[in-house]
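Visitor:
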Amino acid sequence: MRRFEEYLATGWTLIGTADEVRESLQQYLEATGYQRVMLLMALPGLDTALALRSMRLFVDEVVPAMTPVAPAQL
Numbered sequence: 555m556r557r558f559e560e561y562l563a564t565g566w567t568l569i570g571t572a573d574e575v576r577e578s579l580q581q582y583l584e585a586t587g588y589q590r591v592m593l594l595m596a597l598p599g600l601d602t603a604l605a606l607r608s609m610r611l612f613v614d615e616v617v618p619a620m621t622p623v624a625p626a627q628l
């Protein structure tokens, strides 16, 4: 099991304001053409209350501001 610090060290995290997270995720989706991504928001070592707060902010502020991306061409 990876610790939270490992996710930070390897660049597998999007951390910031709702706008910063939305912008980074939008850029990733546009660059890859992916329609779906898996999000891990309750990582080992992260306080449960903080994880739940992040989930709520994501649903309330990030997702509604996302722009649909064309599917990747295989």
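For the sequence shown, our numbering begins at 555 and goes up steadily by one.
Every residue, glycine too, gets a C-beta built ideally from N, C-alpha and C.
Over what stretch of residues does the alpha helix (DSSP H) that includes GLN581 continue unbroken?
Guide: Counting along the chain, GLN581 sits inside the alpha helix (DSSP H) bounded by residues 572-586.
Visitor: Assuming the contact rule is C-beta atoms closer than 8 Å, GLY587 and VAL623 should be a hit. Round their C-beta distance to whole Å, please.
Guide: 7 Å
Visitor: To the nearest angstrom, how far is the alpha carbon of ARG576 from that of MET555?
Guide: Their Cα atoms are separated by approximately 27 Å.
Visitor: Could you check how far apart the C-beta atoms of ALA572 and VAL616 are, in whole angstroms? I think they sit under 8 Å.
Guide: 5 Å
Visitor: Going by C-alpha to C-alpha distance, which of LEU600, SER578, GLU560 sits closest to LEU568?
Guide: It is SER578 whose Cα lies nearest to the Cα of LEU568.
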